[in-house]
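Structure, as structure tokens:
In this note's numbering, the protein residues as written are 86 to 247.
In structure tokens:
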């Protein structure tokens, strides 16, 4: 019994001292507006660290001094690390904006002129340049059909058929 308690205590202590790294991407096909609506949730601190590594200068996204520069940094980073193909054709994410919610950064994108889709290929390597224990969770909804999957570093590619 003591051994079981020790393993439980040790596991809990390791979890407390070892952070987890995860991003969540949600993609919804809006049939009426013929577009993909995309939201990405990433830990704010991790995003700032990734952008600091990229720019070699401090980055503050909660209340930036230069809002346009902050938006460009977030947009550029996500567009580089989240790539989509609709029915075999690469599509470009259009940045809509971002917001900070507690310890998380939500960024929003859209892809216009998507009347329908049968296959969605995704490359998601958000924060792979920072953490080799990064996980990406992706939820995709097309009509009433919702599918989810995840990628763990170093794997980055997902495919959904509808």
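In this text, a Cβ means the ideal position worked out from N, Cα and C, and glycines have one as well.
task = Starting from the Cα of residue 146, find the closest Cα among 171, 189 and 110 and give me that residue.
result = 189
ask   = Counting Cβ pairs, one atom from each stretch, are 3 or more of them under 8 Å apart for the segment 103-111 and the segment 212-226?
value = Using a C-beta cut-off of 8 Å, the segment 103-111 makes contact with the segment 212-226, since at least three inter-stretch Cβ pairs fall below that distance.
task = Return the CA-CA distance between residue 143 and residue 157, expressed in angstroms with no decimal places.
result = 15 Å
inquiry  = Tell me which residues share the same chain as residue 220 and place their Cβ nearer than 8 Å to its Cβ, disregarding the 5 neighbours each side in the sequence.
reply    = 105, 106, 107, 108, 235, 236, 237 and 238
message = Need the endpoints of the beta strand (DSSP E) that residue 161 sits in, please.
response = Counting along the chain, residue 161 falls outside any beta strand (DSSP E), though it belongs to the alpha helix (DSSP H) covering 152-166.
request  = Can you tell me the Cβ-Cβ gap for residue 181 and residue 121, rounded? I've got them flagged as a contact below 8 Å.
outcome  = Residue 181 to residue 121, Cβ: 12 Å. No contact.
Range covered by the beta strand (DSSP E) that runs through residue 186 = 179-186
ask   = In the structure shown, what three-state DSSP assignment does residue 202 receive?
value = coil
ask   = Do the segment 199-217 and the segment 117-136 make contact, defined as three or more Cβ pairs closer than 8 Å?
value = yes
request  = Alpha carbon to alpha carbon, how far is residue 150 from residue 124? Give it in angstroms, no decimals.
outcome  = Cα to Cα, the separation comes out at about 24 Å.
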